[in-house]
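A short write-up of the structure that comes next.
There are 2 protein chains.
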Amino acid sequence: MSLIVVGSMAFDAIETPFGKSDKIVGGAATYIAWSASNFTRPIDLISVVGGDFPQKELGLLQARGAILEGIQIKSDKKSFFWRGKYHMDMNTRDTLETQLNVLGEFEPVVPDSYQNADILMLGNLSPAVQLSVIDQLATRPKLVVLDTMNFWMETAMTDLEKVLRKVDILLVNDSEARQLSAQYSLVRAAKEIMKMGPKYLVIKKGEHGALLFSSNQVFFAPALPIDEVFDPTGAGDTFAGGFIGYLDSTKDFSFEGLKSGIVIGSAMASFCVEKFGTTRLRELSREDIDNRIKQFVELVNFDISLV
Amino acid sequence: MSLIVVGSMAFDAIETPFGKSDKIVGGAATYIAWSASNFTRPIDLISVVGGDFPQKELGLLQARGAILEGIQIKSDKKSFFWRGKYHMDMNTRDTLETQLNVLGEFEPVVPDSYQNADILMLGNLSPAVQLSVIDQLATRPKLVVLDTMNFWMETAMTDLEKVLRKVDILLVNDSEARQLSAQYSLVRAAKEIMKMGPKYLVIKKGEHGALLFSSNQVFFAPALPIDEVFDPTGAGDTFAGGFIGYLDSTKDFSFEGLKSGIVIGSAMASFCVEKFGTTRLRELSREDIDNRIKQFVELVNFDISLV
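Those protein sequences? They're chains U and C, same order as listed. With our numbering as the guide, the letters of the first sequence map in order to residues -10 to 296. With our numbering as the guide, the letters of the second sequence map in order to residues -10 to 296.
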């Protein structure tokens, strides 16, 4: 067993300037698993759903190499639900409705068969839940990757600080990096955040790409300029899935290895935003992915001859 | 003679979250010339200043290879003056005061010795002035590069459309590209703008880097992540100066050649923002510039091995 993914599996209802979805399947673990499964299998999932979560969705994920043993199904309860509306710039959104449902009382249990993983991906969830998973692992994974959000910085900072001390890589967006560090400059924010525990920091900037920081190096991967961002929901999780899925396939956790993971994550995220929810991720062929990675190479590849 | 630069030479008074400058020397042509002179000389300047413009400044530019024959000095009048204040994000600013002075009645005259230039760089100025310079050139330069801004789109669109039909490359920022094209997506904006005349479009996104579009290719150069953007004034002009200065030195106006120019422009702009006004540009050594270009290469350089 080599990759554990912890995160929500849920329903979203999404409104963008370009359209509106019904209640569709979403959640961090869902996006991460769809994305990661292009690069590595099996994927040991840890999550909780209600009786309303479609059995068919679980079956599709299983067919993609997901192990469902760590998913709790609360038949008499409902799955987490989020309804939100994106603004024109697609980088900001309003939450219109949140129903915690099964997620409000989630107590994750790590199955024995999940022990000895190489990578633990902690998707965005309560830091207490994330901490519980870390503590249940007999051996520390070689790489622990954390996603979190501003909500936890505001409501559970003490627990979040504990989690931060136990992870190798933190993934956040630019406004979250600024909030966590109380620094406006992202370079300074990165320095402050790495003092809190993570050896590496990935700052996701949506349409403006992503930055990878170590204590003494920095790498930048652009977002692919695309005609229209149709729905950004799940793009960050899809990025994370491509990132850790690729890393699990290479086992190269050096800075150079992480750089490649960032490019793969960016490529995967660029697919996610093309259609509502996980729609686009379900259609992808290996050739689609390879072609997009080539586009990334062309996008940033240059040759300077100094005169 | 190979490079003509048209633009303002002026005074600025700047307020940023980090400090405040007195009235200091600025203007598009000033920044462009300081930046371009690292890569090519001579630089044929066309501008207008009042009697208040320091003779010493003109002497310094001359020592950097600027030809001053096309600069009109109106001894009894005052130079253009702009006072502004930047917001915390440094991408937006308020204009607090504008005194057009000599710029209000500027009628550029192209000296005979400037004819047969390879490159014409039209810095941000009234489209009527830009058009006058184009019309005075007996032979069309191989490359005509235009900078403009939202103000001219709002007040002189008919003239601006005429200029656009005569240029090869347009440089604008992201909000200007959106305004000019009435498209939110930058990919769609680029397509619309290239229908207006330019074969290439450069969209400057400040701290988020720059995009270069042709009809069927796109290239992205990031901005160097730096500890603190101290003063963004002139960064766009410094970018333009590095871009056209480098192109004048290579004479490679292909898409591949332009890509290198974009990286050089980005590197030069990253210096500009480190201190007030042109201060940092005046201190640079060739080694400083080469080191920074190496940093750019490291920032985006990656190697993907697909598994």
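Don't be surprised by glycine CBs; every beta carbon is placed ideally from N, CA and C.
*Got a sec? Which residues, its chain only, sit under 7 Å from residue 204 (chain C) by beta carbon, not counting five neighbours each side?*
Looking up residue 204 (chain C) in the second sequence gives position 215. The beta carbon of residue 204 (chain C) is closer than 7 Å to those of 183 in its chain, skipping five residues each way along the sequence.
*Under the three-state DSSP convention, the category residue 162 (chain U) falls into*: Within the first sequence, the letter at position 173 stands for residue 162 (chain U). Note: residue 162 (chain U) maps to strand in three-state DSSP.
_Give me the DSSP bridge partner(s) of residue 242 (chain U)._
As a first step, residue 242 (chain U) is located in the first sequence; it is residue number 253 there, counting from the start. Bridge partners of residue 242 (chain U): none, in fact.
*asked:* Determine whether the beta carbon atoms of residue 152 (chain C) and residue 120 (chain C) lie at a separation below 9 Å.
replied: Residue numbering aside, residue 152 (chain C) sits at position 163 when the second sequence is read from its first letter. Residue numbering aside, residue 120 (chain C) sits at position 131 when the second sequence is read from its first letter. Result yes, Cβ atoms of residue 152 (chain C) and residue 120 (chain C) sit closer than 9 Å.
_Once DSSP output is grouped into helix, strand and coil, what is the label at residue 330 (chain C)?_
Shown here, chain C extends from -10 to 296; a query on residue 330 (chain C) therefore has no answer.
*Backbone CA spacing between residue 17 (chain C) and residue 260 (chain C) [nearest angstrom]*: As a position in the second sequence, residue 17 (chain C) is number 28, starting the count at 1. As a position in the second sequence, residue 260 (chain C) is number 271, starting the count at 1. Between the C-alpha atoms of residue 17 (chain C) and residue 260 (chain C) there is a straight-line separation of about 16 Å.
*Consult DSSP for residue 183 (chain U) and reduce its assignment to one of helix, strand or coil.*
Within the first sequence, the letter at position 194 stands for residue 183 (chain U). Three-state result, residue 183 (chain U): helix.
*Count the other CB atoms within 10 Å of the CB of residue -4 (chain C); is the residue buried (16 or more) or exposed (fewer)?*
In the second sequence, the residue the question calls residue -4 (chain C) occupies position 7. Flag for residue -4 (chain C) reads buried.
*Which term fits residue 124 (chain C), buried or exposed, when burial requires 16 or more other beta carbons within 10 angstroms of its beta carbon?*
Indexing the second sequence from 1 puts residue 124 (chain C) at position 135. Under this definition residue 124 (chain C) is an exposed residue.
_Buried or exposed for residue 197 (chain C), going by 16 or more other Cβ atoms inside 10 Å?_
The count along the second sequence starts at 1 and reaches residue 197 (chain C) at position 208. Classification of residue 197 (chain C): buried, given that the 10 Å Cβ count is 16 or more.
*Could you please tell me which residues of the segment 245 to 267 of chain C, in chain order, have their CB closer than 9 Å to any CB of chain A?*
The structure shown contains no chain A; its protein chains are U and C.
*Is it the case that the Cβ atoms of residue 102 (chain C) and residue 33 (chain C) are separated by a distance below 9 Å?*
One-based indexing of the second sequence puts residue 102 (chain C) at position 113. One-based indexing of the second sequence puts residue 33 (chain C) at position 44. In this structure, residue 33 (chain C) lies closer than 9 Å to residue 102 (chain C) by Cβ.
*Report the neighbours of residue 174 (chain U) on chain C: residues whose CB is nearer than 8 Å to its CB, in chain order.*
Reading the first sequence from its first residue, position 185 is the one you call residue 174 (chain U). In chain order: 215, 216, 217 and 218.
*Would you say residue 130 (chain C) and residue -7 (chain C) are within 9 Å of each other, going by their C-beta atoms?*
Taking the first residue of the second sequence as 1, we reach residue 130 (chain C) at position 141. Taking the first residue of the second sequence as 1, we reach residue -7 (chain C) at position 4. In this structure, residue -7 (chain C) lies closer than 9 Å to residue 130 (chain C) by Cβ.
_CA nearest to the CA of residue 79 (chain C), picked from C:292, C:273 and C:262_ = Translated into positions along the second sequence, residue 79 (chain C) becomes position 90. Nearest C-alpha to residue 79 (chain C): C:262.
*Buried or exposed: residue 255 (chain C), going by 16 or more other Cβ atoms within 10 Å of its Cβ?*
Position 266 of the second sequence holds residue 255 (chain C). Counting Cβ neighbours within 10 Å, residue 255 (chain C) comes out buried, since at least 16 surround it.
*Ordered along the chain, which non-local residues of its own chain (more than five positions away) have a Cβ less than 6 Å from that of residue 221 (chain C)?*
Stepping through the second sequence from its first residue, residue 221 (chain C) is reached at position 232. Closer than 6 Å at Cβ, skipping near neighbours: 79 and 262.
*Nearest to residue 155 (chain U) by alpha carbon, out of U:139, U:10 and U:117?*
The residue you call residue 155 (chain U) lines up with position 166 of the first sequence. Measuring from the Cα of residue 155 (chain U), the nearest candidate turns out to be U:117.
_Within 10 Å of its beta-carbon, does residue 296 (chain C) have 16 or more other beta-carbons around it, so buried, or fewer, so exposed?_
Against the second sequence, residue 296 (chain C) aligns to sequence position 307. Note that residue 296 (chain C) has pLDDT 48, beneath the 50 cutoff, so the model's placement of it is unreliable and the number below is only indicative. Exposed, by the Cβ-count rule.
*asked:* Using a 10 Å radius around the Cβ and a threshold of 16 neighbouring Cβ atoms, would you call residue 271 (chain C) buried or exposed?
replied: The residue labelled residue 271 (chain C) in the question sits at position 282 within the second sequence. With fewer than 16 Cβ atoms within 10 Å of its Cβ, residue 271 (chain C) is classed as exposed.
*Which of the residues in the segment 51 to 77 of chain U, read from start to end, lie with their CB under 7 Å from any CB of chain C?*
77
*How far does the alpha helix (DSSP H) with residue 121 (chain U) in it reach, from first residue to last?*
As a working note, residue 121 (chain U) is residue 132 in the first sequence. 116 to 125 is the span of the alpha helix (DSSP H), which, as asked, contains residue 121 (chain U).
*asked:* In the DSSP output, what is residue 219 (chain C) paired with across the bridge?
replied: Residue numbering aside, residue 219 (chain C) sits at position 230 when the second sequence is read from its first letter. Its beta-bridge partners do not exist; DSSP assigns none.
*Across which residues does DSSP place residue 68 (chain C) in a beta bridge pair?*
One-based indexing of the second sequence puts residue 68 (chain C) at position 79. Note: residue 68 (chain C) sits in no beta bridge, so no partner.
*Are residue 244 (chain U) and residue 10 (chain U) touching if we call contact CB-CB under 9 Å?*
On the first sequence, position 255 is the one that residue 244 (chain U) refers to. On the first sequence, position 21 is the one that residue 10 (chain U) refers to. No.
*Given 8 Å as the limit, is there contact between the segment 206 to 213 of chain C and the segment 199 to 219 of chain U, that is, 3 or more CB pairs closer than that?*
yes
*asked:* Between the alpha carbons of residue 193 (chain U) and residue 189 (chain C), how many angstroms are there, rounded?
replied: The count along the first sequence starts at 1 and reaches residue 193 (chain U) at position 204. The count along the second sequence starts at 1 and reaches residue 189 (chain C) at position 200. Taking the straight line from one Cα to the other gives about 29 Å.
*asked:* Mapping the DSSP letters down to three states, classify residue 296 (chain U) as helix, strand or coil.
replied: Residue mapping note: residue 296 (chain U) aligns to position 307 of the first sequence, counting from 1. Any reading at residue 296 (chain U) needs caution, since the residue's pLDDT is 48, under 50, leaving its predicted position unreliable; the model's value is listed next. Coil, per DSSP.
*Please check the pair residue 201 (chain C) and residue 248 (chain C), which I expect to be a contact at CB under 8 Å, by giving their CB distance rounded to whole angstroms.*
Sequence index remark: in the second sequence, residue 201 (chain C) carries index 212 (1-based). Sequence index remark: in the second sequence, residue 248 (chain C) carries index 259 (1-based). 6 Å between Cβ atoms; contact.
*Are the C-beta of residue 335 (chain U) and some C-beta of chain C separated by less than 9 Å?*
Since the first and last residues shown for chain U are -10 and 296, residue 335 (chain U) lies out of range.
*asked:* Which residues does DSSP list as the beta-bridge partners of residue 63 (chain C)?
replied: Start at 1 with the first residue of the second sequence, and residue 63 (chain C) comes out as number 74. Per DSSP, C:39.
*Say whether chain U places a C-beta atom closer than 9 Å to the C-beta of residue 131 (chain C).*
For the purposes of this step, residue 131 (chain C) is taken as the residue at position 142 of the second sequence. It does not; no Cβ of chain U falls within 9 Å.
*Taking C-beta to C-beta, are residue 30 (chain C) and residue 53 (chain C) nearer than 9 Å?*
Within the second sequence, the letter at position 41 stands for residue 30 (chain C). Within the second sequence, the letter at position 64 stands for residue 53 (chain C). For residue 30 (chain C) and residue 53 (chain C), yes; Cβs fall inside 9 Å.
*Within the chosen definition, does the segment 32 to 47 of chain C reach the segment 88 to 106 of chain C through at least 3 CB pairs nearer than 8 Å?*
yes
_residue 292 (chain U): contacting residues in chain C (beta-carbon distance under 9 Å)_ = On the first sequence, residue 292 (chain U) is found 303 positions in, with the first residue counted as 1. Under the 9 Å cutoff, chain C gives 245, 248 and 249.
*Rounded C-alpha distance that separates residue 299 (chain U) from residue 45 (chain U)*: The question about residue 299 (chain U) has no answer, for chain U in this structure spans -10 to 296.
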